[in-house]
Amino acid sequence: MDHRRTDAYLRRIGAERPSAPTADALRALHLAHLLAVPFENLSVHLGEEIVLDADALVEKLVDRGRGGFCYELNGAFGALLSALGFEVTPLQARVAGKDGRLGIPYDHMALRVRTSDGTTWLADVGFGTHTHYPLAFDDRGEQPDPGGVFRIGDADADAVEGAAAGDLLVLRDGDVQYLLEQRPRALRDFEAGAWYHRTSPASHFTRSLVCSLLTADGRITLSGHTLTATVDGERTVTELPTDASVLKAYDQHFGIVLDHVPPEPNPTEG
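Each residue of the sequence shown is one higher than the last, beginning at 73 in this note's numbering.
What follows is the structure, encoded as structure tokens:
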């Protein structure tokens, strides 16, 4: 991205241009991104093409005011960080399901980020409810965060199905979130994973509709006609009665302007 596009991206997330690509700057950008850009899979249900190209992803987030899911959010965020002088490496991960089983290869994309002050971080603005700040990549102890207590641990290749030497486990409050491979990847490597999640009836993205955003005091989530607001730990669920009220909620809470409501999936299909 050139200087103009970088500034436009920074305006989108309400962040100042950092004077240097430091750890403190990364923390500020990470939180600002989560507070401004929603995690959403609307494109899957609106029939929109998902193009894993940095320019296309930035255009979607910055020019169209949209969000996305992991490949889109971390892909665009990685482009921003690179433009600001950070050293960014995409990494592939397999997400742990509720039953503990791991998903497909390239199920998720996260970012390894090196800063000018010599530190290395795991940045992830594309995992929904997750860390507010990057995790210290080489720290194997507990890392408290407003989103929970996280830990990056070495995966035992003999004990974790699908793990290889050097793989890492990312845990939240003691539960495995994903298995992370340390081999550097490129954005195009995730095209098969994105295609699967956009088209497969087994993907949780085709079986659910979600738009969710971190807020200063909690989180706001719209799923179909159900609006869920969490404020200081108190959860309020509101059923929106009409399509017009749903469209208004997308605009009011997420800054997303749609001309029609995305069709709700039937989770029993497939």
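Every residue, glycine too, gets a C-beta built ideally from N, C-alpha and C.
No experiment lies behind these values; they were computed from the predicted model shown.
Could you give the residue range of the beta strand (DSSP E) that holds Arg186?
The count along the sequence shown starts at 1 and reaches residue 186 at position 114. First-last of the beta strand (DSSP E) with Arg186: His180 to Arg186.
Close beta carbons around Pro334, own chain, < 8 Å, minus the five adjacent residues each side:
The sequence position of residue 334 within the sequence shown is 262, counting from 1. Only Leu114, His117, Leu118 and Leu281 meet the Cβ criterion.
The stretch 255-273 in contact with the stretch 287-296 per 3-pair CB rule at 8 Å:
no
Quick one, are the C-beta atoms of Ala235 and Asp228 less than 8 Å apart?
Counted from its first residue, the sequence shown places residue 235 at position 163. Counted from its first residue, the sequence shown places residue 228 at position 156. Yes, Cβ-Cβ distance for Ala235 and Asp228 is below 8 Å.
In this structure, how does DSSP classify Ile260 when only helix, strand and coil are distinguished?
Here residue 260 refers to the residue found at position 188 when the sequence shown is read from its first residue. Correcting the residue identity first, residue 260 is Arg in this sequence and not Ile. It is helical.
Ignore the nearest five residues each way along the sequence and tell me which others in Gly342's own chain have a CB closer than 7 Å to its CB.
For the purposes of this step, residue 342 is identified with residue 270 of the sequence shown, where counting begins at 1. Caution applies to Gly342, whose pLDDT of 43 falls short of 50 and renders its modelled position unreliable; the model cannot decide the point.
Here's the rule: buried if 16 or more other CB atoms are within 10 angstroms of the residue's CB, otherwise exposed. What is His202?
Position 130 of the sequence shown, counting from 1, holds the residue named residue 202. So His202 ends up on the buried side.
Would you be able to state if there are at least three C-beta pairs under 8 Å between the stretch 291-308 and the stretch 319-335?
yes
Less than 8 Å between the C-beta atoms of Gln249 and Ala126, yes or no?
Working through the sequence shown from its first residue, we reach residue 249 at position 177. Working through the sequence shown from its first residue, we reach residue 126 at position 54. No; because the gap between Cβ atoms is not below 8 Å, this pair is not in contact.
Opening and closing residue of the alpha helix (DSSP H) in which Thr203 lies
On the sequence shown, residue 203 is found 131 positions in, with the first residue counted as 1. Per DSSP, Thr203 belongs to no alpha helix (DSSP H) and is neither H nor E.
Entirely enclosed alpha helix (DSSP H) segments - the stretch 220-279, minimum 4 residues:
263-271
From what residue to what residue does the beta strand (DSSP E) around Val303 run?
In the sequence shown, counting from the first residue as 1, residue 303 sits at position 231. Note, Val303: beta strand (DSSP E), Thr298 to Val303.
Using 8 Å as the cut-off, can you tell me whether the stretch 74-85 makes contact with the stretch 158-178, which would need three or more C-beta pairs spanning the two stretches below that distance?
no
Output needed for Leu252: all residues of its chain with C-beta closer than 7 Å, excluding positions within five of it in sequence on either side, in chain order.
One-based indexing of the sequence shown puts residue 252 at position 180. The residues are Leu163, Ala165, Ala182, Asp239, Leu240 and Val242.
Find out if the Cβ-Cβ distance for the pair Leu174, Arg184 is shorter than 8 Å.
Along the sequence shown, read from residue 1 onward, the residue named residue 174 stands at position 102. Along the sequence shown, read from residue 1 onward, the residue named residue 184 stands at position 112. Going by C-beta atoms, Leu174 is not nearer than 8 Å to Arg184.
Check Val123 in the structure and name its three-state DSSP category.
Residue numbering aside, residue 123 sits at position 51 when the sequence shown is read from its first letter. If DSSP states are grouped into helix, strand and coil, Val123 belongs with coil.
Can you tell me the Cβ-Cβ gap for Thr94 and Thr187, rounded? I've got them flagged as a contact below 8 Å.
One-based indexing of the sequence shown puts residue 94 at position 22. One-based indexing of the sequence shown puts residue 187 at position 115. Indeed they touch by this definition, with Cβ atoms about 5 Å apart.
Just confirm the distance between the C-beta atoms of Leu299 and Leu312, as a whole number of angstroms; I'd bet it's less than 8 Å.
For this step, residue 299 is matched to residue 227 along the sequence shown. For this step, residue 312 is matched to residue 240 along the sequence shown. That belief holds up - the Cβ atoms of Leu299 and Leu312 are roughly 6 Å apart, short of 8 Å.
Three-way DSSP call (helix, strand, coil) for Leu163 in this model:
Locating residue 163 in the sequence shown gives position 91, counting from the first residue. Looking at Leu163 - three-state DSSP - the assignment turns out to be strand.
Which same chain residues, not among the five before or five after Tyr178, have their C-beta less than 7 Å away from its C-beta?
Position 106 of the sequence shown, counted from the first residue, corresponds to residue 178. If we look at Tyr178 and ignore the five residues flanking it on each side, its Cβ neighbours are Gln164, Asp261, Phe262, Ala264 and Gly265.
DSSP on Arg83, reduced to helix/strand/coil?
As a working mapping, residue 83 is identified with position 11 in the sequence shown. Here Arg83 sits in helix by DSSP.
Measure the C-alpha to C-alpha separation of Glu112 and Gly157 and round it to an integer number of angstroms.
Counted from its first residue, the sequence shown places residue 112 at position 40. Counted from its first residue, the sequence shown places residue 157 at position 85. Their backbone Cα atoms lie some 28 Å apart in a straight line.
Nearest to Phe326 (by Cα), restricted to the options Glu88, Asp96 and Leu106:
Within the sequence shown, the letter at position 254 stands for residue 326. Taking only the C-alpha atoms, the option nearest Phe326 is Leu106.
Identify the continuous beta strand (DSSP E) that holds Asp217 and give its terminal residues.
Counted from its first residue, the sequence shown places residue 217 at position 145. Residues Glu214 to Asp217.
Between the beta-carbon of Glu144 and the beta-carbon of Ile122, is there less than 8 Å?
The residue you call residue 144 lines up with position 72 of the sequence shown. The residue you call residue 122 lines up with position 50 of the sequence shown. In contact: Glu144 and Ile122 (Cβ atoms closer than 8 Å).
Just to confirm, is the Cβ distance from Thr192 to Asp210 under 8 Å?
Residue numbering aside, residue 192 sits at position 120 when the sequence shown is read from its first letter. Residue numbering aside, residue 210 sits at position 138 when the sequence shown is read from its first letter. Closer than 8 Å, so yes.
Per-residue DSSP class, three states only, for Ala92:
The residue given as residue 92 occupies position 20 in the sequence shown. If DSSP states are grouped into helix, strand and coil, Ala92 belongs with coil.
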